[in-house]
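Numbering (the working numbering), first residue to last: 118 to 308. Here is the structure we will look at, set down as structure tokens.
See below:
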């Protein structure tokens with residue numbers, strides 16, 4: 118009897134382990150490195166065991182995309198719930214999510230996985246686009262206000278991508294000052 122047959126069956130743990138391996142392979146070597154064989158071998162499961170949970174490479178990548186999207190949404194919802202119910206609330210919560218270094222979705226490896234999936238998966242891009250379009254609707258109808266809040270969000274994205282790519286080295290104090298500057302811009306954008 119093989120080790121796989123003697124192992125206690127824990128489907129949620131196995132799925133989680135498989136997705137962690139996919140994330141690691143994706144970040145380390147790119148989407149081409151994510152194969153059923155590589156994931157199964159690294160996770161120490163049979164290819165059939167892997168396919169019991171995920172039928173294809175695309176199913177693996179889609180499940181990882183779902184997981185990363187949910188992590189981001191949870192961080193965003195936490196930030197949103199802590200913001201005062203005033204104009205610009207959505208943009209401020211988005212910025213806090215982008216700058217939250219304690220958040221799982223802002224760990225460099227996770228940022229890179231999200232970036233790689235967004236670049237390689239039209240479905241992933243569309244999901245992020247639809248979510249952001251919905252969030253922008255909360256900024257109101259005044260073009261100046263909406264444009265300034267969008268510019269603040271785009272600055273948050275730029276910060277996020279610069280951290281992912283290692284473009285700028287910021288200490289905690291500088292990171293906090295930049296976040297506060299953007300939050301002030303959000304507050305100044307609203308009437």
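Backbone N, C-alpha and C define an ideal beta-carbon position, used for all residues, glycine too.
Q: Assuming residue 299 contacts residue 269 (C-beta within less than 8 Å), just tell me the rounded distance between them.
A: Along the chain shown, one-based indexing puts residue 299 at 182. Along the chain shown, one-based indexing puts residue 269 at 152. Contact holds; Cβ gap of about 5 Å.
Q) With residue 143 and residue 167 assumed to form a contact (beta carbons below 8 Å), what rounded beta-carbon distance in angstroms separates them? A) The residue given as residue 143 occupies position 26 in the chain shown. The residue given as residue 167 occupies position 50 in the chain shown. With 8 Å as the limit, residue 143 and residue 167 do not qualify as a contact, their Cβ atoms being about 16 Å apart.
Q) Relative to the C-alpha of residue 153, which residue among 145, 175 and 146 is closest? A) One-based indexing of the chain shown puts residue 153 at position 36. It is 175 whose Cα lies nearest to the Cα of residue 153.
(Q) In whole angstroms, give me the CA-to-CA distance for residue 225 and residue 202. (A) Taking the chain shown and counting its residues from 1, the one referred to as residue 225 is at position 108. Taking the chain shown and counting its residues from 1, the one referred to as residue 202 is at position 85. Answer to the nearest angstrom: the Cα atoms are 31 Å apart.
Q) Between 305, 304, 276 and 281, which lies nearest to residue 291 when the distance is taken from Cα to Cα? A) Start at 1 with the first residue of the chain shown, and residue 291 comes out as number 174. Taking only the C-alpha atoms, the option nearest residue 291 is 276.
Q. If you drop the 5 nearest sequence neighbours on each side, which residues of the same chain put their C-beta closer than 6 Å to that of residue 206?
A. Locating residue 206 in the chain shown gives position 89, counting from the first residue. Only 200 meet the Cβ criterion.
Q.
Using a Cβ-Cβ cutoff of less than 8 Å, which residues in the same chain neighbour residue 193 once the five nearest sequence positions on both sides are dropped?
A. Here residue 193 is taken as the residue at index 76 of the chain shown, counted from 1. Closer than 8 Å at Cβ, skipping near neighbours: 210, 211 and 214.
Q) How close, in whole Å, do the beta carbons of residue 216 and residue 273 come, if the pair is a contact with beta carbons under 8 Å? A) Here residue 216 refers to the residue found at position 99 when the chain shown is read from its first residue. Here residue 273 refers to the residue found at position 156 when the chain shown is read from its first residue. About 7 Å; that satisfies the 8 Å criterion.
Q | Nearest-angstrom Cα separation, counted from residue 303 out to residue 265 | A | Within the chain shown, numbered from 1, the residue matching residue 265 stands at position 148. Within the chain shown, numbered from 1, the residue matching residue 303 stands at position 186. About 7 Å.
Q | residue 182 classed as buried or exposed, judged by whether at least 16 other C-beta atoms fall within 10 angstroms | A | As a first step, residue 182 must be located in the chain shown, where it is residue number 65. The residue is buried, with at least 16 neighbouring Cβ atoms inside 10 Å.
Q) If you follow the alpha helix (DSSP H) that residue 146 is part of, which residue opens it and which one closes it? A) The residue given as residue 146 occupies position 29 in the chain shown. Taken as a continuous stretch (DSSP letters only), the alpha helix (DSSP H) holding residue 146 covers 128-146.
Q.
I need the DSSP call for residue 160, collapsed to helix, strand or coil.
A. Counting from 1 along the chain shown, the entry for residue 160 is found at position 43. If DSSP states are grouped into helix, strand and coil, residue 160 belongs with the helices.
Q: State buried or exposed for residue 177, treating a residue as buried only when at least 16 other CB atoms are found within 10 Å of its CB.
A: On the chain shown, residue 177 is found 60 positions in, with the first residue counted as 1. So residue 177 ends up on the buried side.
Q) residue 227 and residue 185: beta carbons closer than 9 Å? A) Locating residue 227 in the chain shown gives position 110, counting from the first residue. Locating residue 185 in the chain shown gives position 68, counting from the first residue. Yes.
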